[in-house]
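Numbering (the working numbering), first residue to last: 1 to 513.
Written as structure tokens, this is what we have:
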């Protein structure tokens, strides 16, 4: 606990009395300094308790007021006046100035040397520093326990609680890996803005601070032998040294987690991811032995289940894996764009899909959307995957739904059976100019249009969903209209653009993983 003027007067061995400026009694003392200059202000840095025998405080009340005023404007905390050398009591002019300025004035008894006051302040400051260091050590131990208990998502949550801050972890491509706090959307936007152009540099390591009207965003690289991403912390004020130390400790733990030798389960999941992408893009190249390792045969029929709006991907993958393994069935799992996609046996995927969605949603404490494709031969798994992605994106309009492709909208059925080249043709015809502009200018016009359509053309709601100002949203929509030469407010145009966006997303999911 920091030492205040009031706290100092409660030390009976010092015998100090607060005789004026009671309104400032809770000011925190950073140091105690004896000085006898007529104008000590140039020699002070702020936060001091100034001690004087009164030799040069002035003889008139006007001079004494000026002396106290000079100390107050220099940022000092209080004035302690010895009453055993020059004065037998604190002069009236000093007391009047203290009351007028709300500046604490202490009377020091003759038997109390200044060195005793200085020692008391130093002892309190030292004890305060020890307490602060011990708190950091305790919090560091808490971060370690969080790492062992729940991995990276738990570390991020523990750091958020320790700093009363929002915390976001992103990878080198600015994709959110873990996040918690009330200002996650703002922090993510600040982080991505700060990282524009960074990924193309050879040296990706950085430490950066960005401020906005409401707080401070501190960004730290997460790296060991290689660079993994960035940890961002959003606080009301700049991090103090102890908070920076705690953040650095969290960064180290995250780097260790990301860089440590993979456990068998993690290695298996990476293999599942690779096999599933190969099955979607080049099924003939996946050997029977590999399929058999994961419980499938070349003659099997399968179905795809996809989940969207899952939030930070590490937590989503972890919870999805736990949920599907509790079903005790063969499965393949991969991330495709912003979706988590599963391939499951045909005889159970439609029943398991809603059950998995409910379980994962409860564990993640967020409403996620889900969808399933149609049952197909395993060699045609890509068709079911496209259908599942289209279905879950239909459900995303109303989060919490699970949409069966067989009962889904016309466009889901239409797109789900299209080849990659057909999807590309659909997307390029309507969105080609926007994709080109985004690529050349590092903008987000396609995402802007998608948000606008998903929110029924409500500009302010769409702007809030993107985390941008409504004026920015309107400017983007004006640019979109200019580039495509069509009015997004027209119902037929909206339908065309909506189908094109879904085709583009589906293609991105299949190509990008």
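The beta carbon of each residue, even a glycine, is placed where N, CA and C say it ideally should be.
Note that the coordinates shown come from a computational prediction; the quantities given were computed from them, not determined experimentally.
- Proximity of the region 28-39 to the region 67-83 meets the contact definition, three or more beta-carbon pairs being nearer than 8 Å.
- Comparing alpha carbon positions, the residue from 491, 242 and 146 closest to residue 134 is 242.
- Comparing alpha carbon positions, the residue from 429, 246, 306 and 383 closest to residue 401 is 306.
- Take the alpha-carbon of residue 345 and the one of residue 377: they are about 10 Å apart.
- The C-alpha of residue 240 is placed about 37 Å away from the C-alpha of residue 461.
- Cβ neighbours of residue 288 within its own chain (closer than 6 Å, five residues either side excluded): 298.
- With the rule of 3 Cβ pairs closer than 8 Å, the region 93-100 counts as touching the region 55-65.
- In the three-state reduction of the DSSP assignment, residue 207 falls in the strand class.
- In summary, residue 72 is buried, with 16 or more beta-carbon neighbours lying within 10 Å of its beta-carbon over all protein chains present.
- DSSP lists 20 and 79 as the beta-bridge partner residues of residue 105.
- Among the bridge pairs identified by DSSP, residue 42 is matched with none.
- Note: residue 73 is not bridge-paired with any residue in the DSSP secondary-structure output.
- Here residue 371 is not near residue 383, since their CB atoms are 8 Å or more apart.
- The beta carbon of residue 246 lies closer than 8 Å to those of 136, 139, 140, 143, 159, 162 and 163 in the same chain, with the five residues before and after it left out.
- Contact between the region 331-351 and the region 429-437 is absent, with fewer than three C-beta pairs closer than 8 Å.
- Under the three-state reduction of DSSP output, residue 404 falls in the strand class.
- For residue 174, there is no enclosing beta strand (DSSP E), as DSSP marks it with neither H nor E.
- Looking at the DSSP output, residue 222 shares a beta bridge with 229.
- DSSP, read as helix, strand or coil, puts residue 468 in coil.
- Judged by DSSP in its simplified three-state form, residue 348 adopts coil rather than helix or strand.
- Across the structure, residue 121 and residue 101 are spaced so that their CA atoms are roughly 24 Å apart.
- Around the beta carbon of residue 129, fewer than 16 other beta carbons sit within 10 angstroms, so the residue counts as exposed.
- Following the DSSP letters along the chain, one finds residue 307 inside the beta strand (DSSP E) bounded by residues 301-308.
- In the DSSP assignment, residue 343 is bridged to 304 and 332.
- For residue 147, there is no enclosing beta strand (DSSP E); the enclosing alpha helix (DSSP H) has its first and last residue at 114-163.
- Listed in chain order, the non-local C-beta contacts of residue 310 below 6 Å within the same chain comprise 316, 340 and 368, local neighbours out to five positions each way being set aside.
- For residue 187, the enclosing alpha helix (DSSP H) starts and ends at 184-194.
- At the C-beta level, residue 206 and residue 221 come within 8 Å of one another.
- Distance from the CA of residue 146 to the CA of residue 248, rounded to the nearest whole angstrom, comes to 15 Å.
- Annotation for residue 255: 222, 223, 224 and 228 place their beta carbon closer than 8 Å to its own, counting only its chain and skipping 5 residues before and after.
- Shown here, residue 325 sits in a helix according to DSSP, grouped into three states.
- The shortest C-alpha to C-alpha distance from residue 481 to any of 149, 303, 449 and 499 is the one to 449.
- Note on residue 312: 16 or more other CB atoms within 10 angstroms of its CB, so buried under the neighbour-count rule.
- A direct Cα-Cα distance of roughly 15 Å separates residue 434 from residue 499.
- With a threshold of 16 other beta carbon atoms within 10 Å, residue 111 falls short and is exposed.
- In summary, residue 471 is exposed, with fewer than 16 beta-carbon neighbours lying within 10 Å of its beta-carbon over all protein chains present.
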